[in-house]
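K.L.:
Have a look at the structure that comes next, please.
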Amino acid sequence: MTSQPVYSANLDNHAFLDWLSCTFPRDITDTLLLINIDQQRLYHLYQHTLLQRYPISSAANGVGSQSGSGQTPLGAHKVQEKYGASVPIGGILKGRVYTGEIATILQTRHTSGDTDNITSRILWLSGLEDDKNRGGNVDSYQRYIYIHGTDEEGWLGQPVSHGCIRMANHDISALFADIENNTFVYIYPE
2 MTSQPVYSAN LDNHAFLDWL SCTFPRDITD TLLLINIDQQ RLYHLYQHTL
52 LQRYPISSAA NGVGSQSGSG QTPLGAHKVQ EKYGASVPIG GILKGRVYTG
102 EIATILQTRH TSGDTDNITS RILWLSGLED DKNRGGNVDS YQRYIYIHGT
152 DEEGWLGQPV SHGCIRMANH DISALFADIE NNTFVYIYPE
């Protein structure tokens, strides 16, 4: 049993959205990104209306906030920084800088790249909850937790990342254009 309501495209979500507004009144924004780990989906809402849903990949190691765990952190975050506005689709970013290279996008689950490429766009997350995803050894920003494009699009819908949230390149590019820094992001297990 969950301790909070759950957002799903198949449910009446008023209870979940009300819970978020009451729990994080200073941080909530008109635009919300809700990431459901169990469903491997990111929901993009504006004023509580679903605009888009995207398949994602969270961590192969499950959920958790400990530095070095390779896990996806739960809880309230915000988009702290955005990178890649002028990077072409599939462009490889290292250290948040475009390398000039374009990745080969792998569309099947039977293939994986030699490297864990970050492609197209980056939304760098900062945790909003002390001792859960902000501060000390659990700080999402210091862990470099991103929502980013991947060259392994065939694996979307499966937890295969090293902690970040992976998205298809066209999806992250569209989302990047639609949101601002400080957009509220909530990551939850089910």
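Residue numbers (the working numbering): 2 to 191. Every residue, glycine too, gets a C-beta built ideally from N, C-alpha and C.
Just the C-alpha distance for Ile93 and Trp125, rounded to the nearest angstrom, thanks.
P.N.:
16 Å
K.L.:
State the Cα-Cα distance for the pair Ile188 and Thr100, rounded to the nearest angstrom.
P.N.:
30 Å
K.L.:
Is DSSP giving Glu82 helix, strand or coil here?
P.N.:
strand
K.L.:
To which residues does DSSP link Phe185 through a beta bridge?
P.N.:
Leu33 and Lys79
K.L.:
Assuming the contact rule is C-beta atoms closer than 8 Å, Ile173 and Gly150 should be a hit. Round their C-beta distance to whole Å, please.
P.N.:
4 Å
K.L.:
Would the beta-carbon of Lys95 fall within 9 Å of that of Ile57?
P.N.:
no
K.L.:
Look at the alpha carbon of Glu154 and the alpha carbon of Arg144, and state the distance between them as a whole number of angstroms.
P.N.:
23 Å
K.L.:
Kindly list the residues whose CB is nearer than 7 Å to the CB of Arg97, restricted to its own chain and excluding five residues on each side of it in sequence; keep chain order.
P.N.:
The residues are Tyr84 and Ile123.
K.L.:
Excluding the 5 residues preceding and the 5 following Arg135 in the sequence, name in chain order all residues of the same chain whose CB lies nearer than 8 Å to its CB.
P.N.:
Ser127, Gly128, Leu129, Ser141 and Tyr142
K.L.:
So with Cβ pairs under 9 Å, would you call Arg122 a contact of chain B?
P.N.:
In the structure shown, chain B does not exist; there is a single protein chain.
K.L.:
By Cβ distance, which residues of its chain are closer than 6 Å to Ser68, with the 5 residues on each side in sequence left out?
P.N.:
Result list for Ser68: Asn138 and Arg144, in chain order.
K.L.:
To the nearest angstrom, report how far apart Ala16 and Leu46 are at their CA atoms.
P.N.:
15 Å
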